[in-house]
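Structure record follows, encoded as structure tokens.
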Amino acid sequence: MLLVKLNTRPSLLLHGCRLLVPDETLFLLVFALVVLLLITEKYHRSLAALLGLLLTVFFGVRRGIMSGREFIELVDIHVLIFIVSVMVLCEGLSRSRFFHFIGLWVVKATRGELSRLFISFQLLTAILTVFLNEIAVMLIMGSLTLAISERVRINIEKWILFEAVMTDIGGMLLPISSIPNLIVASELNLGFIEFARAMMPIVLLLIAVTLLYLIGTVEVKEGKISLEDIDPWSAVEDRGMLYKSVLIFSAVIVLFFLQEELGVSLEMIALAGATAMLILGGEDPDEIFRDLDWSTVFFLGGFFVIIGGLEKSGALELLGSAATSLLAHSKLIAVVGCMWIVALLSAVMDNIPVTLTMIPLTGVLASNTGAEHDLFAWSIVLGANIGGKMLPFASPSTVVALGLLKREGIIVRTGEYFKKFIPLLTIHLIASSLYLTLLVVLG
Numbered sequence: 112m113l114l115v116k117l118n119t120r121p122s123l124l125l126h127g128c129r130l131l132v133p134d135e136t137l138f139l140l141v142f143a144l145v146v147l148l149l150i151t152e153k154y155h156r157s158l159a160a161l162l163g164l165l166l167t168v169f170f171g172v173r174r175g176i177m178s179g180r181e182f183i184e185l186v187d188i189h190v191l192i193f194i195v196s197v198m199v200l201c202e203g204l205s206r207s208r209f210f211h212f213i214g215l216w217v218v219k220a221t222r223g224e225l226s227r228l229f230i231s232f233q234l235l236t237a238i239l240t241v242f243l244n245e246i247a248v249m250l251i252m253g254s255l256t257l258a259i260s261e262r263v264r265i266n267i268e269k270w271i272l273f274e275a276v277m278t279d280i281g282g283m284l285l286p287i288s289s290i291p292n293l294i295v296a297s298e299l300n301l302g303f304i305e306f307a308r309a310m311m312p313i314v315l316l317l318i319a320v321t322l323l324y325l326i327g328t329v330e331v332k333e334g335k336i337s338l339e340d341i342d343p344w345s346a347v348e349d350r351g352m353l354y355k356s357v358l359i360f361s362a363v364i365v366l367f368f369l370q371e372e373l374g375v376s377l378e379m380i381a382l383a384g385a386t387a388m389l390i391l392g393g394e395d396p397d398e399i400f401r402d403l404d405w406s407t408v409f410f411l412g413g414f415f416v417i418i419g420g421l422e423k424s425g426a427l428e429l430l431g432s433a434a435t436s437l438l439a440h441s442k443l444i445a446v447v448g449c450m451w452i453v454a455l456l457s458a459v460m461d462n463i464p465v466t467l468t469m470i471p472l473t474g475v476l477a478s479n480t481g482a483e484h485d486l487f488a489w490s491i492v493l494g495a496n497i498g499g500k501m502l503p504f505a506s507p508s509t510v511v512a513l514g515l516l517k518r519e520g521i522i523v524r525t526g527e528y529f530k531k532f533i534p535l536l537t538i539h540l541i542a543s544s545l546y547l548t549l550l551v552v553l554g
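Put into structure tokens, the structure is as follows:
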């Protein structure tokens with residue numbers, strides 16, 4: 112048997128040839144395989160993560176890096192509890208038809224004037240995404256837009272696609288607004304108020320920039336729609352359920368803001384609210400659990416183990432060294448560069464694994480540059496949310512928007528999408544870079 116000795120670490124047996132591969136290289140190969148599967152979308156992302164989990168545990172045990180049970184400790188249960196609890200809260204509120212009620216109320220409030228309605232729908236989309244999953248918001252706003260198009264002629268392509276853009280802007284504001292936000296807030300122990308205070312200025316700026324861009328580039332013809340048969344309450348099936356769901360959700364948001372004074376973790380507040388929603392909301396818990404996004408939960412659990420394998424094998428140190436050599440020339444370059452890297456990576460693959468991978472690397476960057484860790488948190492949040500819109504298939508809300516348009520016989524080619532949105536998204540990234548620069552200077 113041929114022995115090729117590369118180092119003194121445990122060996123990997125391949126086809127009868129005892130080939131020694133460094134632990135770091137082996138676990139980086141597992142990570143690269145999972146990333147490749149995510150980019151090519153050959154398999155569902157949860158399956159790719161679970162495959163990576165199995166390979167990480169197998170090689171970890173064979174190499175003596177971890178025990179067969181130790182991998183469970185790599186899963187951040189606090190993040191998963193937070194995410195599932197927020198999902199339950201949002202699902203309960205959505206089932207009360209509250210968001211449909213708000214949408215119809217906006218139609219009435221604008222008196223059916225198309226120019227006002229167009230801007231109001233964009234603002235409403237951003238506001239709803241602060242509290243609700245971007246896919247659900249896109250389905251609600253897209254359906255309302257299509258319903259309006261049946262009453263009066265509008266450019267539904269521009270209405271719906273810009274609504275998709277607004278979902279990612281609203282999705283930056285709070286820790287509960289998107290999965291990357293939830294991960295960043297939980298992993299870096301960021302308070303609810305701290306998160307909202309840091310993100311509020313840039314979110315308002317990006318909303319203003321987007322609305323100015325819309326006014327300057329999108330022509331909305333004057334006109335009105337009939338309001339005779341539009342009644343916001345017609346969307347509500349059970350008013351009692353609506354009142355209770357809104358009350359519970361509002362109470363949870365208030366408690367989130369009081370979290371630091373109460374000394375209770377965000378996930379425990381969310382779990383208490385989810386429990387109250389299940390008990391008092393009036394919906395069958397089985398129905399709510401059935402509609403939760405469990406694939407994201409399994410995906411996160413699997414990817415936590417993959418990242419843990421990188422850390423235990425020393426591969427994360429190699430990635431940290433590479434990131435340091437690329438970005439650690441100054442605080443400013445490190446923080447702004449981190450955002451651009453996250454944005455570009457999020458354009459070609461899911462922003463969740465990008466977020467999970469970058470968080471431990473920011474610790475290395477922070478220690479080498481002297482930058483506050485929080486600055487990297489904001490750069491990851493901005494990059495992950497903006498980057499997903501750079502390609503038409505990179506963001507779930509954009510995929511939903513394109514699906515709605517396709518059902519109406521409207522096909523949006525990739526080239527057309529680039530022409531419409533790359534200028535706007537470039538403006539978003541530049542504005543975000545300037546905001547991060549301001550934070551670095553003031554910090």
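Numbering-wise, the numbering used here comes out as the position in the sequence shown, counting from 1, plus 111. Where a beta carbon is used, it is the ideal one built from N, C-alpha and C, also for glycine.
Please report the straight-line C-alpha distance between Ser122 and Met469, rounded to a whole angstrom.
Confidence at Ser122 is low in this model, with a pLDDT of 42, below 50, so the placement of that residue is unreliable and no value is reported for it.
Give me the DSSP bridge partner(s) of Leu372.
Residue identity differs from the one stated: residue 372 is Glu in this sequence, not Leu. Under DSSP, Glu372 shares a beta bridge with no residue.
Starting from the C-beta of Arg208, find all residues in its chain whose C-beta is less than 8 Å away, skip the five residues before and the five after it, and write them out in chain order.
Excluding positions up to five away in sequence, the list reads Ala346, Val347, Glu348, Leu353.
Roughly how many angstroms separate the alpha carbons of Val295 and Arg262, rounded to a whole number?
Cα-Cα distance, rounded: 43 Å.
Considering only the alpha carbon of each residue, which of Ala505, Phe409, Gln370 lies closest to Ala454?
Comparing Cα-Cα distances from Ala454 to each of Ala505, Phe409, Gln370, the minimum goes to Ala505.
Just to confirm, are Leu516 and Ile267 a CB contact at a threshold of 8 Å?
Yes, the pair counts as a contact, with Cβ atoms nearer than the cut-off.
Can you give me the Cβ contacts of Phe193 inside the same chain, cut-off strictly under 7 Å, excluding the 5 residues immediately before and after it?
If we look at Phe193 and ignore the five residues flanking it on each side, its Cβ neighbours are Leu293, Ser297, Leu377, Glu378, Ala381.
Can you tell me the Cα-Cα spacing of Leu147 and Val141, whole angstroms?
Inter-residue distance for Leu147 and Val141 is about 10 Å (C-alpha atoms, whole angstroms).
Inter-residue CB distance, Leu191 and Leu411 (contact presumed, cutoff 8 Å):
Sure, about 6 Å apart at Cβ, within 8 Å.
With 16 other Cβ atoms within 10 Å as the buried cut-off, status of Asn93
Nothing can be reported for residue 93, as the shown portion of the chain is limited to 112 through 554.
Given this structure, state the Cα-to-Cα distance separating Gly281 from Arg173, to the nearest angstrom.
Going by the C-alpha atoms only, they are around 45 Å apart.
For a test of the three-state rule: what should DSSP assign to Pro503, helix, strand or coil?
In this structure, Pro503 counts as coil in the three-state DSSP scheme.
Please list the segments of the alpha helix (DSSP H) lying wholly inside the stretch 190-252, counting only runs of 4 or more residues, in order along the chain.
Taken in chain order, the complete alpha helix (DSSP H) segments of 4 residues or longer contained in the stretch 190-252 are 209-220, 225-242.
Rounded straight-line distance, which links the Cα of Val523 to that of Leu513
If I take the Cα positions, the gap works out to 7 Å.
Measure the Cβ-Cβ separation of Phe242 and Trp270 and say whether it is below 8 Å.
No. Outside cutoff.
Through-space distance from Gly425 to Leu113, alpha-carbon basis:
Low per-residue confidence applies at Leu113: pLDDT is 39, beneath 50, and the placement is therefore not dependable enough to give any value.
Touch check for the stretch 392-407 and the stretch 203-221: three-plus C-beta pairs under 8 Å?
Segment contact: the stretch 392-407 against the stretch 203-221, three or more CB-CB distances shorter than 8 Å; contact assigned.
Taking all protein chains shown into account, do 16 or more other C-beta atoms lie within 10 angstroms of the C-beta of His440, making it buried, or fewer, making it exposed?
Result: exposed.
Does Gly127 pass the burial test, meaning 16 or more other C-beta atoms within 10 Å, or should it be called exposed?
Confidence is the limiting factor: at Gly127 the pLDDT is only 42, short of 50, which leaves the residue's position unreliable, though a coordinate-based value still follows. By the 10 Å Cβ count, Gly127 comes out exposed.
For a test of your reading of the model: does the CB of Gly498 fall under 7 Å from any non-hydrogen atom of the ligand HEM? Yes or no.
Absent from the structure shown: the ligand HEM. Ligands present: none.
Go ahead and pull the three-state DSSP assignment for Lys442.
The answer is helix: DSSP assigns Lys442 an H, G or I state.
Would Ile304 and Phe368 be called neighbours here (beta carbons separated by less than 8 Å)?
Contact flag set, yes.
Start and end of the alpha helix (DSSP H) containing Pro343?
It is not in any alpha helix (DSSP H) - Pro343 carries neither H nor E in the DSSP assignment.
Span separating the alpha-carbon of Gly392 from that of Glu527:
Taken atom to atom, the span from the alpha-carbon of Gly392 to that of Glu527 is near 44 Å.
Kindly indicate which three-state DSSP category Ile265 falls into: helix, strand or coil?
Ile265 falls in the coil class under three-state DSSP.
In chain order, what residues of the same chain have a beta carbon less than 7 Å from the beta carbon of Thr119, not counting five sequence neighbours either side?
For Thr119, the predicted structure reports a pLDDT of 41, less than 50, and the residue's modelled location is therefore unreliable. The matter cannot be settled from this model.
Taking the alpha-carbon of Phe487 as reference, which of Ala458, Leu301, Ala247 has the nearest alpha-carbon?
Nearest of Ala458, Leu301, Ala247 to Phe487, Cα basis: Leu301.
Could you tell me how far apart the beta carbons of Leu472 and Gly431 are, in whole angstroms, since I believe they sit closer than 8 Å?
Contact flag correct, Cβ pair sits at about 5 Å.
Which listed residue (Thr435, Leu162, Ser361, Leu493) has its alpha carbon closest to that of Leu456:
For the residues Thr435, Leu162, Ser361, Leu493, the minimum Cα distance to Leu456 belongs to Leu493.
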